[in-house]
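Notes follow once the structure below has been shown.
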Amino acid sequence: MFNLEALDLARIQFAFTVSFHIIFPAITIGLASFLAVLEGLWLKTHNDTYRDLYHFWSKIFAVNFGMGVVSGLVMAYQFGTNWSGFSDFAGSITGPLLTYEVLTAFFLEAGFLGVMLFGWNRVGRGLHFFATVMVAIGTLISTFWILASNSWMQTPQGFDIVDGRVMPLDWLAIVFNPSFPFRLAHMAIAAFVATAFFVGASAAWHLLRGNDTRPVRKMFSMALWMALIVAPIQAVVGDAHGLNTLEHQPAKIAAIEGHWENADNEPTPLVLFGLPDMQAEKTQYAIEIPYLGSLILTHSLDKQIPALKSFPKEDRPNSTVIFWSFRVMAGLGMLMILVGVLGLALRRNGKVYRHRGFQRLVLLMGPSGLIALLAGWITTEVGRQPWVVYGLMRTHDAASQHSVAQMSTSLALFVVIYCSVFTVGIGYMMKLVSKGPQPHHEHPPAGTQVQTPRRPLSAVTDNLESATRVH
Amino acid sequence: MGIQGIDLSLIWGVIIAFGVMMYVIMDGFDLGLGILFPMISDAQERDVMMNTVAPVWDGNETWLVLGGAALYGAFPLAYGVILEALYLPLIFMLAGLIFRGVAFEFRFKAPAEKRHLWDWAFIGGSLLATFSQGVVIGAYVAGIPVVDRQFAGGGLDWLAPFPLVCGVGLVVAYALLGSTWLLVKTEGMLESRMRHYSRPLAWLLLAMVLVIGAWTLQLHPELATRWFNHAHLTVFAGLMVLAALALSGLLRSLRQRHTHWPFVFTLGLMFLGYIGLALSIWPNIIPPSVSLWAAASPATSQLFALIGALFILPVILMYTFWNYYVFRGKVRIGDGYH
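Heads up: the protein sequence lines correspond to chains D and W, in order.
Under the working numbering, the residue at position 461 of the first sequence is numbered 473, and the numbers go up by one with no gaps.
Under the working numbering, the residue at position 36 of the second sequence is numbered 348, and the numbers go up by one with no gaps.
Here it is, written out as structure tokens:
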């Protein structure tokens, strides 16, 4: 019992720190590509609206990037401090993948981020655009490595077990493991969708306050196009990802569906809502739709999906949690598609820029992409339990042997630090958003610093609190 | 161990040792500024102090993340065991680094009446991070028991006199690095104040090094045989002589009011101490019992990661030097990178 409690605390700590962290990289990935598109459009059309939007969002990008670096520092150490059993067992594979992720991130920061954030007046337009594009590609390469590592933990292959430890045999097979393409696509698109709704909500906020300028309209329109096109794509990719999970991690799917047993030859219904009860081995208060489970997961009307009871009790993921986290993700996904379609319908005669009800809806949906992203990660990670490396190593064998007292101390410390430090950071980002896009002056006024540092946060000169209203 | 006779573990051992050294030397002086911060009360001088490292501090911390990731990739056993054994001090170190990192940025953006809050976050974070690092080094040198590839000690083993004294020792060392760095980068009152602090700090560091050195020999008598046996005596005697020269050079250059030499000599002292430490631990990666090769990941893992490292590390190094070059010269009151 003693050990289990320390294990629970270790899991909570990892979930807490990684959830906090992932918000920043997700927005980084989305904004980097958004900025590349804005700059590309500006170079192509010479429309200054794009340039002003570029400068507006690159400041928010800079602060967000800084927060990601600081919160990521902790992640690089957690595998060893809290999960030494896992590090020793699987470090020969997850270690080099993490090394590549870190190297890529620093290469990006060293090479191109400085030019992107500080080089506007110093390098040619083409070179600056190149740097922005490289930063955008770099964020995706980082995503590539970290998701290769995570996907390998979900669907491991390309290895042998020697002396009770993983021995890599084929790096191509390791990186391109069965769930990797689906997870990479699902995550990258999730970052784009989350960013689109962040940008859309920022624009809606300005429109609702009467700040109806061309850049604000433009970013509202771009965010809505993005939602219209990408949210449905995400649904298709998510469906494919689900089928892949059904093939490789059937217990996860059974738990997501709250589906306990199969009757003979009866198609699987879809449990719309209910409360899966791990003790009673059934889903309480279930509202079911016949056939729909089979239809969605097997794309047929008669095939069954595996049921939770067909897995030994100790191999079942917690259905109560992921039944709901999955529905939060999927439900928000549907809402996002709806917002995209509504946006299209309201475009006629520019009604979308005047319809306050719709703007309030978009504002409300601002965090929806990030919430869906977190809910999705909770589903896939809790759904992998009780394994840390699926089918190979159980989570309770992965944890470091820390006492409850140690784990509580460190967890409390992280909660205090993250809540204080990142609240300030996020508050600062919100303040930058509230300033709105400003016309950009091509040449800095005389007396401006010749030397500037190449650190993300110093690209932003606005004060933390004093509300400087711009006329 | 290697592919076609190449000892990959040795290469990775050198890369990680180099990365950690880069970290200790470079983050050392900017952590030192936080330690010296309470001695300077003038707000403008505090701005100058921060501005001397503003362009470089986060690049300095790059090496810490790189060291952690490289250790994970090349020596997963060492990564798991060392980080588990030193759990709380490492968590405290990370907490300190987060606080001072964010304080660095937001201090300049905060309204004047709230700036002192960020000042305290900067001071507290720097002290906590430095002291914890010293404790980590001390506990590491004292030895981490390993049985069956698992940490076999207690969670509070680090809470012993020797690691704690090492924590104090590192605070002194970083303070000296910080004060001599400011001699290079500042002028006027601030410079003369730092010159005033550097001398006692140098003597204090000497005292700490002697105490810690003698204590280490008492903890590990076998080290005495290594240091003083015939084959190694020349190397260690050479290190000692160089260290004595560096210390006297430091004191002389302080007296002669040089701007750059005191920092160079302090860097030399740190470097010599680091080499001495590395040679004492060699060939172990988890002292006292696990060698580089015993903790290594399979050759295919080390080779895979090495390809990326050999490509990207030179770029990071070039960028680092370029960044220091661009921001060379004295920082004056009113100069702002913000």
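Glycine included, C-beta positions come from ideal geometry on N, C-alpha and C.
{"Query": "For the structure I just gave you, are there three or more beta carbon pairs, one from the stretch 162-177 of chain D and one from the stretch 216-233 of chain D, closer than 8 Å?", "Result": "no"}
{"Query": "Under the rule that 16 or more other beta-carbon atoms within 10 Å means buried, what is K264/D, buried or exposed?", "Result": "buried"}
{"Query": "In terms of DSSP beta bridges, what is E499/W paired with?", "Result": "Paired residues: none, contrary to the question."}
{"Query": "So is L617/W in contact with chain D if we call contact Cβ pairs under 8 Å?", "Result": "Leu is not the amino acid found at residue 617/W; the sequence shown has Ala there. So yes, A617/W belongs to the interface."}
{"Query": "Quick check: the Cα distance between W69/D and S337/D, rounded to an integer number of angstroms?", "Result": "31 Å"}
{"Query": "Contact criterion: CB-CB distance below 8 Å. Does S415/D meet it with respect to chain W?", "Result": "yes"}
{"Query": "Starting from F285/D, trace the beta strand (DSSP E) in both directions and tell me its first and last residue.", "Result": "282-289"}
{"Query": "Only counting runs of 4 or more residues, tell me where the alpha helix (DSSP H) segments fall wholly within the stretch 329-359 of chain D, in order along the chain.", "Result": "331-357"}
{"Query": "At the level of alpha carbons, what is the spacing between T632/W and D469/W?", "Result": "37 Å"}
{"Query": "Report yes or no: is there a C-beta of chain W within less than 8 Å of the C-beta of Y303/D?", "Result": "no"}
{"Query": "For I429/D, which residues in chain W fall below 8 Å Cβ to Cβ?", "Result": "A407, I410, F411"}
{"Query": "Using a Cβ-Cβ distance under 8 Å, would T460/D count as near chain W?", "Result": "Caution applies to T460/D, whose pLDDT of 43 falls short of 50 and renders its modelled position unreliable; the value that the coordinates give is listed next. No, because no Cβ of chain W sits closer than 8 Å to the Cβ of T460/D."}
{"Query": "For G408/W, which residues of its own chain have a beta-carbon under 6 Å away from its beta-carbon, when the five flanking residues on both sides are left out?", "Result": "G437, L440, A441"}
{"Query": "Please report the distance separating the alpha-carbon of L329/D from that of N189/D.", "Result": "In the sequence on display, residue 329/D carries Pro and not Leu. Taking the straight line from one Cα to the other gives about 22 Å."}
{"Query": "Using the beta-carbon of each residue, which ones in chain D are nearer than 8 Å to L471/W?", "Result": "By Cβ distance, chain D contributes nothing, its closest Cβ being about 11 Å from L471/W, past 8 Å."}
{"Query": "Starting from the Cα of L566/W, find the closest Cα among I619/W, L495/W, N596/W and give me that residue.", "Result": "L495/W"}
{"Query": "Rounded to the nearest angstrom, what separates L284/D and Y303/D at their Cα positions?", "Result": "12 Å"}
{"Query": "Please classify C478/W: is it buried, with 16 or more other beta-carbons within 10 angstroms of its beta-carbon, or exposed?", "Result": "buried"}
{"Query": "Quick check on the burial criterion: 16 or more other C-beta atoms within 10 angstroms. Buried or exposed for P457/D?", "Result": "In this prediction, P457/D has a pLDDT of 46, which is less than 50 and means its spatial position is unreliable; nothing more can be read from the coordinates."}
{"Query": "M179/D by DSSP, collapsed to three states: which one?", "Result": "strand"}
{"Query": "Hey, is G314/W's beta-carbon within less than 8 Å of any beta-carbon in chain D?", "Result": "With a pLDDT of 45 at G314/W, under the threshold of 50, the modelled position of this residue cannot be trusted, and the question is left open."}
{"Query": "Of all Cβ atoms in chain W, is any one closer than 8 Å to the Cβ of D100/D?", "Result": "yes"}
{"Query": "Answer with yes or no whether the minimum CB distance from I403/W to chain D is below 8 Å.", "Result": "yes"}
{"Query": "Kindly indicate which residue of I410/W, T374/W, P574/W, P423/W has the alpha-carbon position closest to the one of E503/W.", "Result": "P574/W"}
{"Query": "Just how far apart, CA to CA, sit F463/W and F323/D?", "Result": "34 Å"}
{"Query": "So which residues of chain W does W183/D contact, with C-beta pairs closer than 7 Å?", "Result": "F616"}
{"Query": "Tell me which residues share the same chain as A117/D and place their Cβ nearer than 7 Å to its Cβ, disregarding the 5 neighbours each side in the sequence.", "Result": "S154"}
{"Query": "Output the boundary residues of the alpha helix (DSSP H) element that contains N256/D.", "Result": "226-260"}
{"Query": "Tell me whether the beta-carbon of L307/D lies closer than 8 Å to the beta-carbon of I317/D.", "Result": "no"}
{"Query": "For H278/D, which of helix, strand or coil comes out of DSSP?", "Result": "For the sequence presented, residue 278/D should be read as Glu rather than His. If DSSP states are grouped into helix, strand and coil, E278/D belongs with coil."}
{"Query": "Pick out the complete beta strand (DSSP E) segments inside the stretch 510-589 of chain W, 3 residues or longer, and give them in chain order.", "Result": "none"}
{"Query": "Out of A454/W, M630/W, G585/W, state which residue places its alpha-carbon closest to the alpha-carbon of P601/W.", "Result": "For the sequence presented, residue 601/W should be read as Ser rather than Pro. Of the listed residues, the one whose Cα sits closest to S601/W is A454/W."}
{"Query": "Could you tell me which chain D residues have their CB closer than 8 Å to the CB of S444/W, listed as they occur along the chain?", "Result": "The premise fails here: S444/W is roughly 12 Å from chain D at the closest Cβ pair, so nothing lies under 8 Å."}
{"Query": "Report yes if the C-beta distance between V242/D and A208/D is below 8 Å; otherwise report no.", "Result": "yes"}
{"Query": "For V277/D, count the other beta carbons within 10 Å of its own beta carbon; 16 or more makes it buried, fewer makes it exposed. Which is it?", "Result": "The sequence shown places Asn at residue 277/D, rather than the Val named in the question. Per the 10 Å Cβ criterion, exposed."}
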